[in-house]
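J.: Line by line, the protein sequences are chains A and B. Just so we're aligned, residue 7 is where the first sequence starts under the working numbering, counting upward by one. Just so we're aligned, residue 3 is where the second sequence starts under the working numbering, counting upward by one.
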Amino acid sequence: MSDKLAYLIFLLHLASLCGFLLAVFYQRPRLAKLAMKIMLAGLLTQAATFTLYHWEGISSATFNAREFSLVLSMFIGTLFLVFQLFTKTRLLGVLVAPVVFSLSAVTVMARDDSFAVIASGGYIALHIALTVVGEAFFIVAVLAGALFLIQENLIRKKRAVRFVRLLPPLDDLDRINHISFISGFPLLTAGIVIGAFMVYLGGNTSLLYDIKGLWTALAWVFYAGILFLRVVLGWRGRKVALLSLGALLLLLFLFLASMNSPHSWHRLI
Amino acid sequence: MGMNHKTAAVEAREKAAANCHDAPTVVARLKNDYEAREVFYLATCNRVEILAVTENVSRTKQGMQALLAVSEEKNIYTHQGIAAVSHLLQVAASLDSLVVGEPQILGQMKSAYGQTIQAGGAGLIVNKLLHFAFRTAKLIREHTRIAANPVSISYAAVELAKRIFAKLSDKRVLLAGAGDMALLAAKHLQATGVKEMVFTNRTFPLACDLAESFHGRSLAFAEMTTGIADADIVISSTGASNYIITAKMLTEALQKRRKQRPLFIIDIAVPRDVEPAVGDIDGVYLYNIDELQTVVDDNLAMRQEEAQKAIAMVAVEVEKFAEWLMSLELLPTIIALRGKIFQIVDDELGANKGWLAALPASDQERVRHLLRAVANKILHSPSEKLKEEQASDMAQGYSVILKDLFSL
Numbered sequence: 007m008s009d010k011l012a013y014l015i016f017l018l019h020l021a022s023l024c025g026f027l028l029a030v031f032y033q034r035p036r037l038a039k040l041a042m043k044i045m046l047a048g049l050l051t052q053a054a055t056f057t058l059y060h061w062e063g064i065s066s067a068t069f070n071a072r073e074f075s076l077v078l079s080m081f082i083g084t085l086f087l088v089f090q091l092f093t094k095t096r097l098l099g100v101l102v103a104p105v106v107f108s109l110s111a112v113t114v115m116a117r118d119d120s121f122a123v124i125a126s127g128g129y130i131a132l133h134i135a136l137t138v139v140g141e142a143f144f145i146v147a148v149l150a151g152a153l154f155l156i157q158e159n160l161i162r163k164k165r166a167v168r169f170v171r172l173l174p175p176l177d178d179l180d181r182i183n184h185i186s187f188i189s190g191f192p193l194l195t196a197g198i199v200i201g202a203f204m205v206y207l208g209g210n211t212s213l214l215y216d217i218k219g220l221w222t223a224l225a226w227v228f229y230a231g232i233l234f235l236r237v238v239l240g241w242r243g244r245k246v247a248l249l250s251l252g253a254l255l256l257l258l259f260l261f262l263a264s265m266n267s268p269h270s271w272h273r274l275i
Numbered sequence: 003m004g005m006n007h008k009t010a011a012v013e014a015r016e017k018a019a020a021n022c023h024d025a026p027t028v029v030a031r032l033k034n035d036y037e038a039r040e041v042f043y044l045a046t047c048n049r050v051e052i053l054a055v056t057e058n059v060s061r062t063k064q065g066m067q068a069l070l071a072v073s074e075e076k077n078i079y080t081h082q083g084i085a086a087v088s089h090l091l092q093v094a095a096s097l098d099s100l101v102v103g104e105p106q107i108l109g110q111m112k113s114a115y116g117q118t119i120q121a122g123g124a125g126l127i128v129n130k131l132l133h134f135a136f137r138t139a140k141l142i143r144e145h146t147r148i149a150a151n152p153v154s155i156s157y158a159a160v161e162l163a164k165r166i167f168a169k170l171s172d173k174r175v176l177l178a179g180a181g182d183m184a185l186l187a188a189k190h191l192q193a194t195g196v197k198e199m200v201f202t203n204r205t206f207p208l209a210c211d212l213a214e215s216f217h218g219r220s221l222a223f224a225e226m227t228t229g230i231a232d233a234d235i236v237i238s239s240t241g242a243s244n245y246i247i248t249a250k251m252l253t254e255a256l257q258k259r260r261k262q263r264p265l266f267i268i269d270i271a272v273p274r275d276v277e278p279a280v281g282d283i284d285g286v287y288l289y290n291i292d293e294l295q296t297v298v299d300d301n302l303a304m305r306q307e308e309a310q311k312a313i314a315m316v317a318v319e320v321e322k323f324a325e326w327l328m329s330l331e332l333l334p335t336i337i338a339l340r341g342k343i344f345q346i347v348d349d350e351l352g353a354n355k356g357w358l359a360a361l362p363a364s365d366q367e368r369v370r371h372l373l374r375a376v377a378n379k380i381l382h383s384p385s386e387k388l389k390e391e392q393a394s395d396m397a398q399g400y401s402v403i404l405k406d407l408f409s410l
């Protein structure tokens, strides 16, 4: 991938992040709108970069740290923008933009040769795509949950705060959390199942006990539990937001653990 | 000159408004009897003001005082020159209102301006000043948060509901009791287009009457638990001496509720209708009258902070208006000076037409052209200097000196 394009993406997401922060600081909804447009420009550049990269056949069978961060941030940003079509949650960007920006920083900093996955065939691509989209959904769910907790805390505090009118209604944030969970969970499940199936076909079952594999399984159980509480028992609001935040912490731990595991098959960064 | 809620009691304001009668009366009296050139008259529930443009300040002031029926000097305020411009801009921007940032004043000023035009009171200065005032008010609304936060309890309740629910059009409101403030909040909520309004009262016929007037539904007081289970927003304002909504009752109601929808309860009753422990239940947001008042007070404080920014913006706009006003004073001087010089050129050409006639026509034209060019060159520098200085303190001085030196 061209360094110039990676820097361009990085700068666009930096500008978007600044826009959202300034929108809160100066209480200017128009700035948040502008920041969203800049984020869209960044995402379109990412999509074009990704397409171009694979079109040229440079690394059609590789998926390295740069690509992982590129695709993950692309999906997180896209999901956020799609949710804007039917919710009033523009200021969720204050939490989404830092994540997208951080991932774009990884895209700039990570080396092209640090990939760990070299394979051919559709299954690996499907495994990666489903898992990444599933993870993007979960991250958006957690971010919406975090903003829900902030807004709810302010409502319960019973004091007027300057930027409070910019914050999205609890209803919308809970809806994003719900939609993200029920959409992301099946995708992640499918991704994990395909991955396990490939390992089974490959005959090397020890890979199933790979550090990241185990942690992913634990995270999947955690998410399945949240979904059960949400869909079957009807939990919503604060409890689900807190649980999803816990889930994100678990995912982060999982990510850091896989980074320090030299023999992990999934090591990307 | 005028009086407002800060300087005069409502009786004095009523008397002034009655004495002024209407814009045509004020305009006619001040223009015909008190030498005013232009007049603008504004009367609202909180203020009665007259703005006049005049050459004879003391005479016009007499007329204004007579119209405002001033019995005590302390009841009125008088601003002159730029101070009057600043005051009018602050009034338009709602900085001088009882509730800072309220939007009605601008509409009232626009309406008063329309009446002033019809009455023949508006001239060059009043027209420009009022447009400046409207523009400034718009600028302040766009660039400050002066009108951003609600400052009435009923409206604050509606705004809180909007922070919980993404849309109110699919929400049910249950109103227990019939307190004035609760009915006002219900009216605001109805204006947002809520799905259904349900009324309950110990006196069932009263609930039926309210349901009829709000096009809602009545509910027996004994069935309130069912009503709460169905509702998204509950406004309580009964005269009960004990809690009518308890934590135990609400827990039961929430069990009947589908999918733990959030519930917003506004307790406007004194003594309170809702047990405070209700606010600790997950998904239930409880605000009582004091808590709503705290929100309103915070909002008012924020508006006052924004007002400081707005006052700075008014000062900038006042400067711009002053520049324009100065340019009005210097423009006639510049025109008179040019007229005077070119008159001298024409006079001299006329006085020397005898020997000029001996010259060929083309040379005559050259001489005429030469003299005009010299005059233009001499005038260019002072004209430019006057234009530059028109906004400064020196402008007036330059104007007087030029008039004196050239007998303009």
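Heads up, the beta-carbon is just placed ideally off N, CA and C, and yes, glycines get one too.
Chain B beta carbons: is any one of them nearer than 8 Å to that of glutamine 90(A)?
T.: Indexing the first sequence from 1 puts residue 90(A) at position 84. No, its Cβ sits nowhere closer than 8 Å to a Cβ of chain B.
J.: Taking only beta-carbon atoms, is proline 264(B) less than 8 Å away from chain A?
T.: Position 262 of the second sequence, counted from the start, is the residue given in the question as residue 264(B). True, the Cβ-Cβ gap to chain A drops below 8 Å.
J.: Nearest chain B C-beta to lysine 43(A) closer than 8 Å, yes or no?
T.: As a working mapping, residue 43(A) is identified with position 37 in the first sequence. No - not a single Cβ of chain B is within 8 Å of the one on lysine 43(A).
J.: When you compare the CB positions of alanine 163(B) and phenylalanine 266(B), do they come within less than 8 Å of one another, or not?
T.: The sequence position of residue 163(B) within the second sequence is 161, counting from 1. The sequence position of residue 266(B) within the second sequence is 264, counting from 1. Yes, the Cβ-Cβ distance between alanine 163(B) and phenylalanine 266(B) is below 8 Å.
J.: Assign leucine 91(A) to one of three DSSP states: helix, strand, or coil.
T.: For the purposes of this step, residue 91(A) is taken as the residue at position 85 of the first sequence. The answer is coil: DSSP assigns leucine 91(A) none of H, G, I, E or B.
J.: If you measure beta-carbon to beta-carbon, which residues of the region 90-113 of chain A are closer than 8 Å to chain B?
T.: Correct list: Thr93, Lys94.
J.: Going along chain B, which residues have a C-beta under 8 Å from glycine 243(A)?
T.: As a working mapping, residue 243(A) is identified with position 237 in the first sequence. Simply Gln262, Pro264, Asp284, Gly285.
J.: Alpha carbons only, please: which of Thr194(B), Val200(B), Lys189(B) is nearest the one belonging to glutamate 178(B)?
T.: Counted from its first residue, the second sequence places residue 178(B) at position 176. Inspection of the sequence shows that residue 178(B) is occupied by alanine rather than by glutamate. Comparing Cα-Cα distances from alanine 178(B) to each of Thr194(B), Val200(B), Lys189(B), the minimum goes to Val200(B).
J.: Label glutamate 367(B) either buried or exposed according to how many other C-beta atoms from any shown protein chain fall within 10 Å of its C-beta, with 16 as the threshold for buried.
T.: Within the second sequence, the letter at position 365 stands for residue 367(B). Exposed, since its Cβ has fewer than 16 Cβ neighbours within 10 Å.
J.: At 7 Å on the CB atoms, spell out the chain B contacts of proline 175(A), in chain order.
T.: Counted from its first residue, the first sequence places residue 175(A) at position 169. Those are Lys164, Arg165, Ile166, Phe167, Ala168, listed as they occur along chain B.
J.: So which residues on chain B does glycine 151(A) lean against when the C-beta distance must stay under 7 Å?
T.: Within the first sequence, residue 151(A) is the residue found at index 145, counting from 1. Those within 7 Å of glycine 151(A) in chain B number zero; the least Cβ separation is about 15 Å.
J.: Please check if any C-beta of chain B sits within less than 8 Å of the C-beta of lysine 164(A).
T.: Looking up residue 164(A) in the first sequence gives position 158. Chain B contact via Cβ: present.
J.: Among residues of its own chain, excluding the 5 on either side of serine 243(B), which ones have a beta-carbon nearer than 8 Å to its beta-carbon?
T.: Your numbering for residue 243(B) matches position 241 in the second sequence. So the qualifying residues of the chain are Pro273.
J.: Taking a cut of 8 Å between CB atoms, which residues from the region 130-164 of chain B lie near chain E?
T.: The structure shown contains no chain E; the protein chains it does contain are A and B.
J.: Can you name the residues of chain B whose CB is closer than 7 Å to the CB of aspartate 178(A)?
T.: Taking the first residue of the first sequence as position 1, residue 178(A) is located at position 172. Simply Ala168.
J.: With 16 other CB atoms within 10 Å as the buried threshold, where does tyrosine 13(A) fall?
T.: If you number the first sequence from 1, residue 13(A) lands on position 7. Exposed is the call here.
J.: What residue range is occupied by the uninterrupted alpha helix (DSSP H) comprising threonine 62(B)?
T.: The residue labelled residue 62(B) in the question sits at position 60 within the second sequence. Looking at the DSSP string, the run of the alpha helix (DSSP H) that includes threonine 62(B) is 59-69.
J.: Sort out for me which residues DSSP pairs phenylalanine 42(B) with in a bridge.
T.: Counted from its first residue, the second sequence places residue 42(B) at position 40. According to DSSP, which records beta bridges pairwise, phenylalanine 42(B) is partnered with Leu53(B).
J.: Would serine 172(B) count as contacting chain A if we go by Cβ distances under 8 Å?
T.: Residue mapping note: residue 172(B) aligns to position 170 of the second sequence, counting from 1. Looking at the sequence itself, residue 172(B) is aspartate, so the reference to serine does not match. Cβ-Cβ to chain A under 8 Å: no for aspartate 172(B).
J.: Helix, strand or coil, according to DSSP, for phenylalanine 121(A) in the structure here?
T.: Start at 1 with the first residue of the first sequence, and residue 121(A) comes out as number 115. Unreliable placement is indicated for phenylalanine 121(A), whose pLDDT of 45 sits below 50; the coordinate value is still reported in the next sentence. Coil at phenylalanine 121(A), not helix or strand.
J.: So, is leucine 274(A) buried or exposed, given that buried needs 16 or more other C-beta atoms within 10 angstroms?
T.: Mapped onto the first sequence, residue 274(A) falls at position 268. For leucine 274(A), the predicted model reports a pLDDT of 44, less than 50, meaning its position is unreliable; a value from the coordinates is still stated below. Label assigned to leucine 274(A): buried.
J.: Could you check what DSSP says for isoleucine 64(A) in three-state terms: helix, strand or coil?
T.: Taking the first sequence and counting its residues from 1, the one referred to as residue 64(A) is at position 58. In this prediction, isoleucine 64(A) scores a pLDDT of 48, lower than 50, which makes its location untrustworthy; the coordinate-derived value is nonetheless stated afterwards. Reduced to three states, the DSSP call for isoleucine 64(A) is coil.
J.: Assuming valine 280(B) and alanine 231(B) are in contact, meaning their beta carbons sit under 8 Å apart, how far apart are those beta carbons, in whole angstroms?
T.: Position 278 of the second sequence holds residue 280(B). Position 229 of the second sequence holds residue 231(B). Rounded, the Cβ-Cβ distance is 14 Å, inconsistent with contact.
J.: Can you grab the Cα-Cα spacing for the pair leucine 87(A) / leucine 126(B), in whole Å?
T.: In the first sequence, the residue the question calls residue 87(A) occupies position 81. In the second sequence, the residue the question calls residue 126(B) occupies position 124. Each residue's alpha carbon lies about 51 Å from the other.
J.: So, is aspartate 98(B) buried or exposed, given that buried needs 16 or more other C-beta atoms within 10 angstroms?
T.: The count along the second sequence starts at 1 and reaches residue 98(B) at position 96. Buried: at least 16 other Cβ atoms inside 10 Å.
J.: Can you list, in chain order, the residues of its chain whose CB lies under 6 Å from that of serine 383(B), leaving out five sequence neighbours each side?
T.: The residue given as residue 383(B) occupies position 381 in the second sequence. Closer than 6 Å at Cβ, skipping near neighbours: no residue.
J.: Would you kindly check if the distance between the Cβ of alanine 38(B) and the Cβ of alanine 54(B) is under 8 Å?
T.: Translated into the one-based positions of the second sequence, residue 54(B) becomes position 52. Translated into the one-based positions of the second sequence, residue 38(B) becomes position 36. Yes, they are a contact pair.
J.: Output the distance between the C-alpha atoms of leucine 17(A) and glycine 181(B), rounded to the nearest integer angstrom.
T.: For the purposes of this step, residue 17(A) is taken as residue 11 along the first sequence, with counting starting at 1. For the purposes of this step, residue 181(B) is taken as residue 179 along the second sequence, with counting starting at 1. For leucine 17(A) and glycine 181(B), the distance between alpha carbons rounds to 57 Å.
J.: Near alanine 92(B), which residues of its chain fall below 6 Å by C-beta distance, leaving aside the five closest residues on each side in sequence?
T.: Translated into positions along the second sequence, residue 92(B) becomes position 90. Position check: residue 92(B) holds glutamine in this sequence, whereas alanine was assumed. The answer, listed in chain order, is Asp98, Val316.
J.: Can you tell which of Gly243(A), Ile44(A), Leu256(A), Val199(A) has the C-alpha that lies nearest to the C-alpha of isoleucine 135(A)?
T.: Residue numbering aside, residue 135(A) sits at position 129 when the first sequence is read from its first letter. In the sequence as displayed, the identity of residue 135(A) is alanine instead of isoleucine. Closest by alpha carbon: Val199(A).
J.: So with Cβ pairs under 8 Å, would you call valine 376(B) a contact of chain A?
T.: Sequence index remark: in the second sequence, residue 376(B) carries index 374 (1-based). Chain A contact via Cβ: absent.
J.: How big is the Cα-Cα spacing for leucine 37(A) and arginine 168(A)?
T.: Here residue 37(A) refers to the residue found at position 31 when the first sequence is read from its first residue. Here residue 168(A) refers to the residue found at position 162 when the first sequence is read from its first residue. The alpha-carbon atoms of leucine 37(A) and arginine 168(A) are separated by roughly 16 Å.
J.: If you run the structure through DSSP and keep just helix, strand and coil, what is leucine 412(B)?
T.: Because chain B in this structure spans residues 3 to 410, residue 412(B) falls outside the shown range and cannot be described.
J.: Run through chain B and tell me which residues come within less than 8 Å of isoleucine 276(A), C-beta to C-beta.
T.: This structure does not reach residue 276(A), given that chain A is present from 7 up to 275, and the question cannot be answered.
J.: Is leucine 293(B) close to chain A? Criterion is C-beta to C-beta, closer than 8 Å.
T.: One-based indexing of the second sequence puts residue 293(B) at position 291. Note on residue identity: the sequence assigns glutamate, not leucine, to residue 293(B). Closer than 8 Å to some Cβ of chain A, the Cβ of glutamate 293(B) qualifies, so yes.
J.: Looking at the structure shown, is glycine 179(B) part of a helix, part of a strand, or coil, going by DSSP?
T.: As a position in the second sequence, residue 179(B) is number 177, starting the count at 1. Strand at glycine 179(B).
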